[in-house]
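Encoded as structure tokens, the structure appears first; notes follow it.
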């Protein structure tokens with residue numbers, strides 16, 4: 001299985017992907033951490049709402065919004081879609097959009 005940590009360029013591209021694109025936030029929003037980690041437990045992906053299994057490499061980021069700490073995790077498959085999105089490695093549809101659509105479907109939101 002291909003993982004996000006195969007090379008430095010992919011790692012950087014996944015970490016450069018803006019999880020909150022289009023959300024202008026406030027001037028005091030602060031990114032506290034943004035890294036690729038190996039899961040020590042099970043989590044839910046912020047993008048696709050799928051499971052992140054123990055031992056899976058994934059993105060973990062923590063932000064401070066309006067004084068509140070918020071943590072987000074993105075599964076390996078979504079990280080690979082982030083890489084393709086950042087590097088424009090697709091011909092028609094941005095692969096990250098399909099991952100967001102899957103998350104909307106899994107959450108029962110209208111797509």
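Residue numbers (the UniProt record's numbering): 1 to 111.
Glycine is no exception: its CB is placed at the ideal position from the N, C-alpha and C atoms.
Query raised in the report: Hey, is the stretch 14–29 in contact with the stretch 56–64, meaning 3+ C-beta pairs nearer than 8 Å?
Result: The stretch 14–29 vs the stretch 56–64: in contact.
Query - Segment limits, alpha helix (DSSP H) that includes residue 72 - result: Residue 72 -> not in any alpha helix (DSSP H); beta strand (DSSP E) instead, spanning 68–74.
Requested in this report: Kindly indicate which residue of 89, 81, 91 has the alpha-carbon position closest to the one of residue 101.
Outcome: 81
Query raised in the report: Does the distance from the C-beta atom of residue 45 to that of residue 88 stay below 8 Å?
Result: no
Query raised in the report: Does the Cβ-Cβ distance between residue 60 and residue 37 come in under 8 Å?
Result: Going by C-beta atoms, residue 60 is nearer than 8 Å to residue 37.
Requested in this report: Can you say whether residue 24 is buried or exposed, counting buried as having 16 or more other CB atoms within 10 angstroms of its CB?
Outcome: Here residue 24 is exposed. Its C-beta has fewer than 16 other C-beta atoms within 10 Å.
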